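Each number in the working numbering comes from the position in the sequence shown (counting from 1) with 282 added on.
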Amino acid sequence: MANYDVLKVDGTKAGSVELSDSVFAIEPNNDVLFEAINLQRASLRQGTHAVKNRSAVRGGGRKPWRQKGTGRARQGTIRAPQWRGGGVVFGPTPRSYAYKMPKKMRRLALRSALSYKVQENEFKIVDNFNLEAPKTKEFKTTLTNLELPKKVLVVTLGEDVNVELSARNIPGVQITTPEGLNVLDLTHADSVLITEEAAKKVEEVLG
């Protein structure tokens with residue numbers, strides 16, 4: 283267990299919180315991280331690519347010339363692959379690129395990504411945002427006070443409507459919950475800003 287500073291929205295220290303080393307301070311496993319990122323990127327692919335093979339191309343039902351006696355090579359249809367306008371051989375067909383990964387590996391990848399952010403000082407804990415109403419200017423001031431870069435992943439406990447509405451017009455800011463936390467978002471962000479309650483929830487889920 284290690285102590286982490288908890289900050290206020292004005293950037294001053296509010297206190298500290300003790301979090302498990304098995305979640306936030308492990309040696310990152312780069313191989314598992316690589317596999318988890320590939321898995322997510324694969325599942326994001328549309329897979330709607332398609333071409334027409336010789337059976338799908340319109341026309342070509344009639345034999346272009348008789349089988350024998352012309353001196354030319356025998357042909358059965360003008361939609362065979364060697365013809366202009368013919369079908370494609372072994373072309374792409376609609377498919378899903380998604381595949382599965384063992385649960386233990388997925389959890390290890392998340393712990394590795396979180397630990398990497400902590401090691402690189404790209405992980406900050408805030409006590410609470412205290413937004414009574416959606417205020418983009420106020421939320422932007424909070425990010426400035428906490429000296430956060432442009433690409434920030436904000437993690438809140440449950441869906442916080444005021445935070446979501448305040449941040450949605452700020453480029454580079456993404457909002458998620460402990461349940462929605464994933465490796466791709468963690469590695470893509472320059473910094474992670476998480477509430478104290480959300481950090482404890484992540485520890486509970488991944489610990």
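Just so it is clear, CB atoms sit at the ideal spot from N, CA and C, and this is done for glycine as well. In this text, all values refer to a predicted model and were calculated from it rather than measured experimentally.
As the crow flies, the alpha-carbon of Asn451 is around 10 Å from that of Lys419. For Glu300, the enclosing beta strand (DSSP E) begins and ends at Lys295 to Leu301. As a beta-bridge residue in DSSP terms, Phe405 pairs with Val474. For a cut-off of 8 Å, the C-beta gap from Val408 to Val434 is around 11 Å, too long to register as a contact.
In the three-state reduction of the DSSP assignment, Leu468 falls in the helix class, which pools H, G and I. Leu289 carries a strand assignment under DSSP once its states are collapsed to helix, strand and coil. Inclusion of Val436 and Ala449 in the CB contact set at 8 Å is warranted, their separation being smaller than that value. Rounded to whole angstroms, the separation of the alpha carbons of Leu447 and Asp292 is 20 Å. Cβ-Cβ distances below 7 Å link Ile308 to Arg393, Ser394 and Ser397 in the same chain, with the five nearest sequence neighbours on each side left out; the list follows chain order. Sorting Val487, Asn464 and Gly489 by C-alpha distance to the C-alpha of Leu315 places Asn464 at the top. In this structure, Val299 lies away from Leu488, with their beta-carbon atoms at least 8 Å apart.
The Cβ atoms of Trp347 and Arg354 lie closer than 8 Å to each other. Per DSSP, the continuous alpha helix (DSSP H) segment holding Ile319 begins and ends at Asn312 to Ser325. Burial of Gly342 is indicated by the presence of at least 16 other C-beta atoms within 10 angstroms of its C-beta.
The Cβ atoms of Phe411 and Val443 lie no closer than 8 Å to each other.
Per DSSP, the unbroken alpha helix (DSSP H) holding Val445 starts and ends at Val443 to Ala449.
Under the DSSP assignment, Leu425 falls in the alpha helix (DSSP H) whose first and last residues are Thr418 to Asn427.
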